[in-house]
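Residue 4 in the UniProt record's numbering sits at position 4 of the sequence shown, with consecutive numbering throughout.
Report on the structure given below.
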Amino acid sequence: MRAPTGLGSCSFCESHFPGYWTKDFWPPNSPGLNPIDFAVYLQQVSSKSHQNLNALKASLQKTWDDINVTFLRPTVTSVEKRLKAYIAAKGAHFEHLLE
C-alpha cells in the first residue's frame with residue numbers, strides 16, 4: 001500500500017490521525033507491510049474472478065465491510081514481524097521470510 005501523497009489526502013490524515021506517517025516515512029510500494037490489505041487481497045478478493053473494475057470494487061468493499069475482530073487481531077499483531085523481515089531483506093521482497 002502506498003502512503004497517501006496528494007496534498008488534500010496528507011492534510012486530512014495529519015489533522016484526523018495523530019501520529020500519521022507521511023510518505024517520507026512509509027516505504028514506497030510495500031503492500032506486504034500493510035497486513036490488513038495484504039490479508040484481505042490474498043485470502044478474499046484475489047481468490048475470485050472479477051469481470052470488470054466495478055465488480056472488483058464491489059468485492060473489495062464487501063470484504064472490507066465483513067472484516068471482524070477474529071480476522072483483524074492476528075493481522076494487526078503481525079506488523080512487528082513484517083517490519084523486522086522487511087529490514088532483514090533491506091527493502092526487498094520479504095514475504096518468504098515470514099514462514
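Glycine included, each C-beta is placed from N, C-alpha and C at the ideal position.
Computed from a predicted model, the values in this text were never measured in an experiment.
Report task. Apply the 10 Å Cβ neighbour rule to residue 76 and answer buried if 16 or more other Cβ atoms are within range, or exposed otherwise. Result -> exposed
**Report entry** Length-filtered (4 minimum) alpha helix (DSSP H) runs lying within the segment 12–98
**Finding:** 35–40, 53–65, 69–77 and 79–88
Query raised in the report: Going by the beta-carbon positions, is the gap between residue 40 and residue 70 smaller than 8 Å?
Result: no
**Report entry** Whole-angstrom distance between residue 56 and residue 86, CA atom to CA atom
**Finding:** 29 Å
Report task. Let me know if residue 82 comes out buried or exposed under the rule of 16 or more other beta-carbons within 10 Å of its beta-carbon. Result -> buried
Query raised in the report: How long is the line joining the alpha carbons of residue 30 and residue 43, rounded to whole angstroms?
Result: 18 Å
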